[in-house]
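If you want my numbering, it's the 1-based position in the sequence shown plus 14.
Yeah, the Cβ is synthetic: ideal placement off N, Cα and C, and Gly gets one too.
Please read these numbers as outputs of a predicted model, since none were measured by experiment.
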Amino acid sequence: MLSRTAKQTFFALAGPAMRVNGWIYKSLRAPHGGGGVPVRVHLGPGQRAYLDGWINIDANMVTGKCDVWADLRNPLPFGDGTVDAVYSHHMIEHLPDLEGHFKEVHRVLAPGGVYRAGGPNGDSAIRKFTEGDNDWFSDWPDAYDSTGGRFVNFVLCRNEHLTILTQSFLEEIAGRAGFSTMDTMMPVKQTGHPDLFGDCLAKEYETDYETPRTLIMEFQKSPGAGPS
Ligand SMILES: C[S@@+](CC[C@H](N)C(=O)[O-])C[C@H]1O[C@@H](n2cnc3c(N)ncnc32)[C@H](O)[C@@H]1O
Numbered sequence: 015m016l017s018r019t020a021k022q023t024f025f026a027l028a029g030p031a032m033r034v035n036g037w038i039y040k041s042l043r044a045p046h047g048g049g050g051v052p053v054r055v056h057l058g059p060g061q062r063a064y065l066d067g068w069i070n071i072d073a074n075m076v077t078g079k080c081d082v083w084a085d086l087r088n089p090l091p092f093g094d095g096t097v098d099a100v101y102s103h104h105m106i107e108h109l110p111d112l113e114g115h116f117k118e119v120h121r122v123l124a125p126g127g128v129y130r131a132g133g134p135n136g137d138s139a140i141r142k143f144t145e146g147d148n149d150w151f152s153d154w155p156d157a158y159d160s161t162g163g164r165f166v167n168f169v170l171c172r173n174e175h176l177t178i179l180t181q182s183f184l185e186e187i188a189g190r191a192g193f194s195t196m197d198t199m200m201p202v203k204q205t206g207h208p209d210l211f212g213d214c215l216a217k218e219y220e221t222d223y224e225t226p227r228t229l230i231m232e233f234q235k236s237p238g239a240g241p242s
């Protein structure tokens, strides 16, 4: 795992180039939607989650594989209402402006489009912390003996994570961004939209259905929504 300083340096140095690259992609290559085949965008595939048939976007093209090299802290490189599905898994907790991110996803989605987002499950972690269940927490990236240390390690991940993802928080943020927030919680390996996200499920490595370590939610843009 790269140190926080190394990542900050990378983003400071590569930020302008990623901004230009995102702008070029949006201007010249981004699909305009409505072409019969759903436009699906995967944010932050990392090293092992590249999805065929999706537009995979990441800042890391050194150890990972992506189609568009861009900084997801910037506006998404798509026009308004041009995307049918957006997927992210263990990415949004790295973003400094979660509400701005959800607004951007809402902007690019077509009416009826769906965002499936997952990340470290704060609700589960808080429950396991209060239960003192040290075994639920892993030793990655750091090993601690105390319940508090194991909790911090899970939630903040050596200060890589900038927020704590809980169901009520994400519902509020998504609602503010304009999404419908009905029936948003998804058990691991399940989706309310198999036509859009069926091929993502095989990439999701979580198996702990009882107290999931990953919070997965799906938010739909109102089918009757006008332009954002
Ligand atoms: C923890 S990894 C998750 C990878 C994969 N989605 C998974 O679940 O295994 C987070 C990914 O998000 C990407 N990422 C984080 N912040 C980003 C940003 N600001 N812009 C672009 N990509 C970013 C990282 O490069 C990394 O590939």
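Following the DSSP letters along the chain, one finds Val119 inside the alpha helix (DSSP H) bounded by residues 112-122.
Under DSSP, Ala131 forms a beta bridge with Ser102, Met231.
At least one heavy atom of ligand 1 lies less than 7 Å from the C-beta of Asn74. Under DSSP, Val97 shares a beta bridge with Leu123.
For ligand 1, no non-hydrogen atom lies closer than 7 Å to the CB of Ala124. The C-beta distance from Gly192 to Val169 rounds to 28 Å, too long to meet the 8 Å contact threshold. Annotation: the continuous beta strand (DSSP E) that includes Ile71 extends over 69-72.
Between ligand 1 and the CB of Pro59, the shortest heavy atom gap is smaller than 7 Å. By the CB criterion at 8 Å, Gly132 and Ile230 fall inside the cutoff.
Residue pairing by DSSP places Leu57 opposite Ile71, Ser102 in a beta bridge. The bridge partners DSSP lists for Trp37 come to none. Excluding sequence positions up to five before and after Met75, its CB lies within less than 7 Å of the CB of Trp83, all in the same chain and listed in chain order. About 28 Å separates the beta carbon of Arg33 from that of Pro134, a gap too long to meet the 8 Å contact definition. With a threshold of 16 other beta carbon atoms within 10 Å, Trp150 meets it and is buried.
Straight across, the Cα-Cα distance linking Glu218 with Leu42 is about 32 Å. The count of Cβ pairs closer than 8 Å, one atom from the region 116-125 and one from the region 60-69, stays below three, leaving the stretches out of contact. The continuous alpha helix (DSSP H) containing Glu145 extends over residues 136-145. For Val76, there is no enclosing alpha helix (DSSP H), as DSSP gives it neither H nor E.
Under the DSSP definition of a beta bridge, Met200 partners with Ile230.
Where Ser160 is concerned, there is no enclosing alpha helix (DSSP H), because DSSP gives it neither an H nor an E.
Distances taken from the Cβ of His115 to the heavy atoms of ligand 1 include none shorter than 7 Å.
Leu112 is a Cβ neighbour of Ile187, given a cutoff of 8 Å. For Leu109, the Cβ falls inside the 7 Å cut-off from some heavy atom of ligand 1.
Ser182 is not bridged by DSSP to any residue.
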